[in-house]
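Accompanying notes for the structure given below.
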Amino acid sequence: MLYGVGASAGIGIGKILCIQEQNLDYTAVEYQGAKAESARLKAAADAFCEITERMAQDVRERIGQKESEILMGQVMMLQDPLVTEQMEEMIAAGSCAEAALDTICQGYIELFSNLDDELMQQRAADIQDMRTRMLQLLLHAQSIDLTLAPKGTVVAAKDLTPSMTVGLKKENISAIVTQVGGKTSHAAILARALEIPAVLGVANLFEQIENGQTAIIDGGKGEVLVCPDEKTLGEYTKQQQEQWRQKELLFIYRDKQTQDADGRSYDLYANIGSVSEAQAALENGAEGIGLFRTEFLFMNRSSAPTEQEQFETYTAVSRIMQGKEVIIRTLDVGGDKEIAYLNMPKEQNPFLGWRAIRYCLEQTDVFKTQLRALLRASAVNGNVKIMLPLVTDVQEVRAAKALLEQCKQELKAQGIPYDEDISVGVMMETPAAALIADLLAKEADFFSIGTNDLTQYTMAADRGNAKIKGLYSTFHPAVLRSISHIIKAAKREGIPVGMCGEAAADPLLIPLLLAFGLDEFSVSVSSVLQTRKWISGWTQRQTEQIEREAMAFSTANEVEEYLMKHSVR
Amino acid sequence: MVSAKVRLTNSMGLHLRPAQLFIREVTPYGCDVTITYNGRVINAKSIMNLLSACIKQGSEIEIKCNGENEEECLKAALALIESGLGE
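The structure is reproduced here in structure tokens:
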């Protein structure tokens, strides 16, 4: 396995084509007099300009204006009056055309390489490319023509020159591997624009590969596998096909609305646990954030994050989502999430213990810091909502809202802006909450069903315990009845109800959830498009029939088997 | 000889694309064109000279045109820079 910089994500599989530097030695060229040398230089320059303009034209149509301008820049550099003058002077003084061109170009390559400006340093590569191609023309050497590369070619080169871009066609070039270059190099930008997987900066590349070898390039990880065995090849081929399928989904469903086959609209949100995931959510077509877990802010550090730190993080996500709804869950510590400096005592039964909202309502300093940060963030785009985890009692909602009210008064007194109408919702994840959904719906502005914990608590089955794995099932009639009950209670009180557990992206459960009347599906970033596709396949008549039939079974197995037959097509 | 001072407003300074545009604009007029930047006089018809000067965004430059059609050339050069050099 060879390692480099993963510069353009994706998996490429193909046969290696090594592009080695040519020997462009001109020491044997004899000087034929100033007039003849000057004429040779001019003929080569004319040919160069004609070829390069043609390349630029092709690149403009296929790749874009910017790449095309880089090539046209080479034409202008060769025709630069100063450059021409300097070359002519050398020829007059007894240099052959090749020597004149080479010397002058080398001088400029050095000048540009040493400039204190990254953008200008890149021009050295342009001059280098121009020099090589001019020498090829003068010496009648074969030029590299990637347009002739067969389908499934993995291009291996020292660096990707601007003139090579002409031959880079996605249909034929499976991947790119180079010896120099990094994430921001021209080659990297180009590979990403063309969506060709690329690994750059592989040290001693040509000592480790040969022409015609099969290679797998993982442009995400920056790995190159040469001569893989059958099994590895099969695994990567599968991965590659999955990536293509995702891309296709992206193409078809990214900018579509989330609608069922009858045209009824739903909100399709993403669950995230960091700021960077918000960007990915947006790029994958999420219409909002249905669950922003805030624990990451508190983990891997020695003290709680400050109000300002939290404010900046919440604001960043709210900004990235461009005014789309962002539901932020308050600190959900305890259970399996331990944070040393919060001084939570060891408990016999942490999942049934002092955690989440229970902890926050007692440690009001921690909780109020978070609430103030959330309130301040809500003023920026007006799209922030607060969600309380592990609620079992109406009193908890009231107490949290009372603290929120205190925070609002404090902010008001300090003249700090916040959204007066910020929504406060309840995460429905305990059997108690499910059974009093009607009571909670009177106090909460929205519900979001957390199916992972709801299943675990309803079934009294630890999902991590292999012995009782069979009991932990969202298909169990008890869990499904709970979900249905929660949704109906929300509807009766006229508050929106979403789901932020794994079940929201389960193709077997989607028709049931649609029939129950779920308003919002919040799924992992990578499931957004697939979920949109699944939702789009159902009519109300079909889902109502599935609801009737599935809810009539007595066991989780029966429900699951039925849904396997009727939910997936 | 005519000359004028102007401030470069485009975001990346005088990089490849604006430099190409500038040279294409002034070359047909026939006069000599120079840019004075940071005390250095640059042949403004030479892309190598223009690029290696690394003229940054927001800097003030002085354009001088000398010879055939000098006034028209200066006017065209200023108009191009004021329009943001194609950005």
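Quick mapping for you: the protein sequence lines, in order, are chains A and B. For what it's worth, this note's numbering labels the leading residue of the first sequence as 940, then goes sequentially. For what it's worth, this note's numbering labels the leading residue of the second sequence as 137, then goes sequentially. No residue lacks a Cβ here, since even glycine has one placed at the ideal position from N, Cα and C.
When secondary structure is reduced to three states using DSSP, residue 1053 of chain A falls in the coil class, being assigned neither helix nor strand. Excluding its 5 nearest sequence neighbours in each direction, residue 1072 of chain A has C-beta neighbours in its own chain below 7 Å: 987, 1082 and 1102, listed in chain order. Residue state for residue 1466 of chain A is assigned as helix, using DSSP reduced to three classes. Just measuring C-alpha positions, the residue of A:1499, A:1484 and A:1105 sitting nearest residue 999 of chain A is A:1105. Using a 10 angstroms sphere on the CB of residue 1183 of chain A, the tally of other CB atoms stays under 16, which defines it as exposed. Contact check between the segment 1017-1031 of chain A and the segment 165-173 of chain B: fewer than three CB pairs, one atom from each, fall below 8 Å, which does not count as touching.
The C-beta of residue 1047 of chain A comes closer than 7 Å to at least one C-beta of chain B. Using a Cβ-Cβ cut-off of 7 Å, residue 139 of chain B is close to nothing in chain A; its nearest Cβ partner there is about 21 Å away. In this chain, the beta strand (DSSP E) harbouring residue 202 of chain B covers 196-202. Within the same chain, 1230, 1231, 1232, 1233, 1326, 1328 and 1366 come within 7 Å of residue 1268 of chain A by CB-CB distance, once the 5 residues on both sides are set aside. Residues of chain A whose Cβ lies closer than 7 Å to the Cβ of residue 185 of chain B are, in chain order, 1021. In the DSSP secondary-structure assignment, residue 957 of chain A is bridged to A:1095.
Classified as exposed, residue 1166 of chain A has fewer than 16 neighbouring CB atoms from the shown chains inside 10 Å of its CB. Residue 201 of chain B is outside the set of residues whose beta carbon lies under 7 Å from a beta carbon in chain A. The continuous stretches of beta strand (DSSP E) do not include residue 1027 of chain A, which lies in the alpha helix (DSSP H) extending over residues 1020-1031. With respect to chain B, the C-beta atom of residue 1003 of chain A has no partner C-beta closer than 7 Å. Neighbours of residue 1008 of chain A across chain B, judged by C-beta separation under 7 Å: 152, 153 and 156. Note: residue 143 of chain B is bridge-paired with B:196 in the DSSP secondary-structure output. Nearest to residue 1464 of chain A by alpha-carbon distance, out of A:1220, A:1352, A:1315 and A:1470, is A:1220.
Chain order gives the chain B residues near residue 1012 of chain A as 152, 153, 155, 156, 183 and 187, where near means a beta carbon separation below 9 Å. For the segment 1050-1079 of chain A, residues whose beta-carbon sits nearer than 9 Å to a beta-carbon of chain B comprise 1050, 1051, 1054, 1055, 1056, 1058, 1059, 1061, 1062, 1065 and 1066. Following the DSSP letters along the chain, one finds residue 221 of chain B in no alpha helix (DSSP H), marked with neither H nor E.
By the Cβ test, the segment 141-151 of chain B is in contact with the segment 193-209 of chain B, since at least three Cβ pairs between them sit closer than 8 Å.
Per the Cβ contact rule, the segment 1128-1147 of chain A is in contact with the segment 1112-1119 of chain A (3 or more Cβ pairs under 8 Å).
Using a 10 angstroms sphere on the CB of residue 1270 of chain A, the tally of other CB atoms reaches 16 or more, which defines it as buried. Taking CB atoms only, residue 994 of chain A has no neighbour in chain B less than 7 Å away. Excluding the 5 residues flanking it on each side, residue 1472 of chain A has same chain C-beta neighbours closer than 6 Å at 1192, in chain order. Following the DSSP letters along the chain, one finds residue 1294 of chain A in no alpha helix (DSSP H), marked with neither H nor E.
Note that the segment 1369-1385 of chain A touches the segment 1331-1342 of chain A; at least 3 beta-carbon pairs, one per stretch, sit closer than 8 Å. In the three-state DSSP reduction, residue 1212 of chain A falls in the coil class, being neither helix nor strand. Taking a beta-carbon distance threshold of 7 Å, residue 167 of chain B does not count as an interface residue toward chain A. Contacts between residue 190 of chain B and chain A, judged by CB atoms closer than 9 Å, involve 1054, 1055, 1056, 1058 and 1059 in chain order. The C-alpha of residue 1037 of chain A is placed about 9 Å away from the C-alpha of residue 964 of chain A. One finds 156, 159 and 183 in chain B with Cβ atoms closer than 7 Å to the Cβ of residue 1015 of chain A, taken in chain order.
Look at residue 1406 of chain A here: in three-state DSSP terms it is helix. Within the DSSP secondary-structure output, residue 1324 of chain A pairs in a beta bridge with A:1266.
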